Structures are given as structure tokens and as C-alpha cells.
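At position 41 of the sequence shown the residue is numbered 41 (the UniProt record's numbering), and the sequence of numbers has no breaks.
Cβ coordinates follow ideal geometry from the N, Cα and C atoms, glycine included.
In this text the structure is predicted, and so the values were computed from the model without any measurement.
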Amino acid sequence: MDLDSGTLLNSSGGDGDIGFKLQYFYQISCPSLANYDSQRFWNQLVAQASHAEQSVHHLVLAIACLDYHDRTKHSVPFDNVSFARHYVQGLTLLHRSDVSVEILLIGALLLIICDEMRNNPYAAVQHIIAGQKILNAYRPGTLRFCRPTVQQVVPIFSSLAPYPGQCRPYSQHRRAAENLSPGTPKVLDHKTRRHPVKAGFKSIGEALHDLKCLIPQCLQAQPYCSPPSTRFHVVPIVTSSLNTWATDWDGLLQRMGDEVSHYQEIIKYLDVIHRCLTVMSRCVPFDDESLFDKYLPNFEYILLTAGQMTSPSVYDLVPSFFFAATRCRDPALRHQAITALHNCAWEGRRLATIVKQISSIEGQGLSEVITCEDIPHGSRVVILGADISDDSTIVLTLKRKQPDAKAYTTFQYPLVGSEFDGDAAVSHALVQLIRRTVNFDLTFTADAPECEMAWYHDKSGPFNSQSLSISPMPPGVTLLSQKESPESNKSAG
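Next comes the structure, spelled out in C-alpha cells:
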């Protein structure tokens, strides 16, 4: 029997509808859980476990409740009380002393979906860390690790984004899972199986070039699909492209071996850019600023990783900091991003001042902003661009959602203050900077042919950070490649 919304709405809504909830999960929820090549996991492994293990059974029902409510905005039959009952029962059963490793790992993945559907990203991160700790307790090749269930879960956990301060800890587990005995079904990565791609990157410069080429794709509107509810949901094409890049990137780092230690700065830089593009691809195309609230751990990772770089001035980090400062409304993280911009010389200080003014606009009429949820959707503004008015004033073009949340309105906002007083060259340079950072344009980061970053091409020593110098600006404009601001050049003249 096919499942549709009418059938669900005509049901009684009590726990007697468990059959309908299970059917909803497997017919509607499961097909959309496609990221990390996890379709087999959800459709087969979880289905089997839900019949044999009550903890998995209740968590599956909890996800069905959340997914139905999210898709239809109806509270019947899967109301919050029903979700809470299944969620608590599933979590309680997972804490039994006799629960197997396989069930704990499956439960962790189910809990990740539950918490991300509830817009609780930090709780989801804790479940990721818990699953990673369980896997780290077993060495590849041991009896428990060789169990088929664990082998299916390993590639999924190894693909989950690490939390701030962690590196990708599962390269050895992933390799072990991908080199199984002939009689064991192999879990292939969907990037390799569905898309014929080149055999990994040959150099860090090539990885940087390919990552920059993904930027337009991440910003492209997606009118025919809904925003991804969890990390297991995908944005068509772009999620696969970003995952393919990450797989090739990890493969290059593994081939580099111990030489990775010589390239920590550029590795962190590319990780920051990839994380920015991941958030963009899942929020910007859907024109809903509230979506960014679900990615606070990602913003924290971006700021922490970039803050650990010892030579930030060599890299084009301004767009990443500006992206975090304007789209993340958490007060603490926004303050951290503004501070990072202040440390990026002339262009960063000007952009930090702009972010402060944008923050003031969004906070108008609010007594206090403690969390990002305190800023209503109708108060959030997006910078579209910048121009110079007839009186030489720099004017921002902003958009904001109307109170009915059905359309945006655009308006002009003049930048005032001593930071924006200057001659035509200064104003022109700042306008170009704003336009570039708004579009996350990394044009002025050296490209693959200009970067001597191929680890196998230069064995003479560590990577020279100067090989990633910023390309010169067009004639008449002085920006990131200059160590002095336009004002200092003018005064020196």
C-alpha cells in the first residue's frame, strides 16, 4: 500500500498508527537520506535493526514524526508528544548495558538526524563525537571491526564533518572498510560509483583551483527542491560535487604521508573554504536567512581553524570572515568574526565596521540579543552590493524579508564615518572589495599554475607561504596585495 498525506491525515493519530509511521519512514523519509552513499544503510540495515532492536525501532518512529511534521506542517498524527515519547524511549534503551556496538553506532546516526531536524546542531555534534569514540576504540582488522554492520557504518562516520579542533580521524578505518575480504559486500563511496572522476588531485594547487570552481555552483538558486533538513539530505548536484572534492582531497593528504606537516597552513585554508562552501550550498540557494542558524558548529569550525593559522595575511581569508560575520547571527561568533576581520589589515578593518552597522540594523527594536534566534527573520538583512553616490558616499544595497515573509524589499544604506571618508581611489577600492566579498570571490588567491604547492614537485623543504601570494589588483586599485592602505600611500606621497 502506497503512503500519502491523505492516508496519514485520516488516521487516528495515536500510537496504534505505528504501522503508518514505519511505512512513512521507509517510503518517504528513507529515499531522501542519500548523502555519504548511505541509502543501503537506511533502507536495509536500519530496517533490519528496527525489527530486532526496540531502541532503533523507537528512534525510527521519532524521525518519522519529525519528518512528517516538517514536510506537511501538520501536527496530526505525528504530534510532539508522540515524537517525545519515542525519542525518550529509544534513548533510554540505548543506555542499557547489554547494547551491542552495532546498535550504539546505528543509534548515534539516528540521534544525529533527530537533533538536526529539531535545529539542535550542537547536540548532533555530540552524537558524532560519541560514534567516533566508539570506532576509535577498535583497531581495523579486529574481530569486532570486521563485522559487516560496523563496516557499513565506518564510511558514513568517516565522512561526517569533524568538530572544531579535530582532524579527520578515520582514514585508517575508511581504508580498512574499503579493503574487505572478497566475501564481504563492499560499501562504495557514491562519488566513485555514480560519477566517473579523475584519480584524485595531483597537487594542493589543483585542489585549490577545483574548489574555487565550485563557488558559482554553491550560490546557484535551487527553486525545485527544499532546504536540506539534516546532513544526510542533499542539495542536487552540488552536495555530490563538494563530497567528491573532499574525497579527492583526503586521498591527496593520505598520499602525502608525513609531508603533510609541512603544509598545515594551506591545508587549514582549504578546509576553511570547503566548510564555507558547504554552508553556502545548503542555505544561500534557498533565500532563507534562518537556515544559517542550523550551522553554528560549522561557523565555529571556520573561525577556529582560520584563527589557528600562523600566517593569515598570506591567504585570502577576508571573504570567509566576512561570510561568517554577516550570515551567522550568534552574538559570540559574530563578535569573533569581526575581531578576525580587524586583524586583516586595511580591508578587514573597513569590512568589520560595515558588519557592526549591519548588526545594529538587525538589532533595532530588540532589547537584547543572546542567541541567533532572538533576531527575527524580518529583521535580518543581506548585503547585495555597493555603489558610489553622486556625493561620493558609499551606499550599500540591502534586502530584508517583509513581515509577511513572502517577499524581500531592497533599500539603500549609506556608509558614514571617518573610516569611509577618502578620495575617489579609496572609495572605489572599498566598493570593489565589498562586491568581491559578498560574492565570495577568491579570484585574487593564486591559482594552481601560480602556486608551487605540488608536494611531489618540491622535495627541498617545507612549503613557502610566499608562493601563495595574492595576485595584483587591476590598475588603479590597491587592495589585498598591498601591505599599506590607500590612505597611507596617499599620505606618503
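State yes or no: is the C-beta of residue i within less than 8 Å of the C-beta of residue j?
i, j, result
"Gln264", "Val238", "no"
"Phe299", "Ala324", "yes"
"Leu303", "Gln152", "no"
"Ile388", "Val438", "no"
"Val150", "Val101", "yes"
"Phe440", "Met280", "yes"
"Gly90", "Ala52", "no"
"Lys21", "Cys65", "yes"
"Ile358", "Thr230", "no"
"Asp288", "Pro227", "yes"
"Cys283", "Leu296", "no"
"Val154", "Ile106", "no"
"Thr278", "Leu242", "yes"
"His127", "Leu111", "yes"
"Leu366", "Ile383", "no"
"Leu109", "His58", "no"
"Pro319", "Leu214", "no"
Cα separation between residue i and residue j?
i, j, result
"Tyr36", "Ile156", "6 Å"
"His86", "Leu317", "45 Å"
"Pro236", "Arg118", "23 Å"
"Tyr26", "Asn43", "7 Å"
"Asn80", "Asp70", "12 Å"
"Thr409", "Arg380", "12 Å"
"Ile394", "Leu415", "6 Å"
"Cys30", "Gln39", "7 Å"
"Arg435", "Tyr269", "22 Å"
"Leu219", "Cys276", "11 Å"
"Arg174", "Leu135", "In this prediction, Arg174 scores a pLDDT of 43, lower than 50, which makes its location untrustworthy; no coordinate-derived value is stated."
"Ala306", "Val272", "7 Å"
"Val260", "Leu253", "7 Å"
"Ser159", "Asp391", "53 Å"
"Ile361", "Asp98", "55 Å"
"Asp250", "Lys212", "17 Å"
"Cys344", "Leu351", "10 Å"
"Asp67", "His233", "12 Å"
"Ala207", "Trp245", "8 Å"
"Leu398", "Ala386", "9 Å"
"His124", "Ala84", "In the sequence as presented, His is not what sits at residue 124; that position holds Ala. One C-alpha to the other measures close to 16 Å."
"Ala429", "Glu419", "13 Å"
"Ala49", "Ile18", "16 Å"
"Ser116", "Ile28", "According to the sequence as given, residue 116 is Glu; it is not Ser. Their Cα atoms are separated by approximately 18 Å."
How would you write the range of the beta strand (DSSP E) that residue i sits in, first residue to last?
i, result
"Tyr413", "408-414"
Between residue i and chain C, is there a C-beta pair that is closer than 8 Å?
i, result
"His51", "Protein chains in the displayed structure number just one, and chain C is not present."
Got a sec, what are the start and stop residues for the alpha helix (DSSP H) residue i sits in?
i, result
"Leu160", "First-last for Leu160: undefined, no H or E at that position."
"Gln220", "Neither: Gln220 is in no alpha helix (DSSP H) and is coded neither H nor E."
"Ile18", "18-24"
"Val272", "264-283"
"Leu442", "It is not in any alpha helix (DSSP H) - Leu442 carries neither H nor E in the DSSP assignment."
"Ala62", "54-72"
"Arg85", "80-94"
"Arg435", "424-438"
"Ala137", "Premise fails: Ala137 is in no alpha helix (DSSP H) and is neither H nor E."
"Asp248", "238-256"
"Asn298", "296-307"
"Asp330", "Element bounds for Asp330: n/a, residue is neither H nor E."
"Gly107", "101-117"
"Leu33", "No alpha helix (DSSP H) contains Leu33, which DSSP labels as neither H nor E."
Open item on the list: Which runs of the alpha helix (DSSP H) at least 4 residues long sit entirely within the stretch 346-406? Give them in chain order.
Closed with: none
- [ ] Pair every Cβ in the stretch 371-385 with every Cβ in the stretch 325-332, then say whether three or more of these pairs are closer than 8 Å.
- [x] yes
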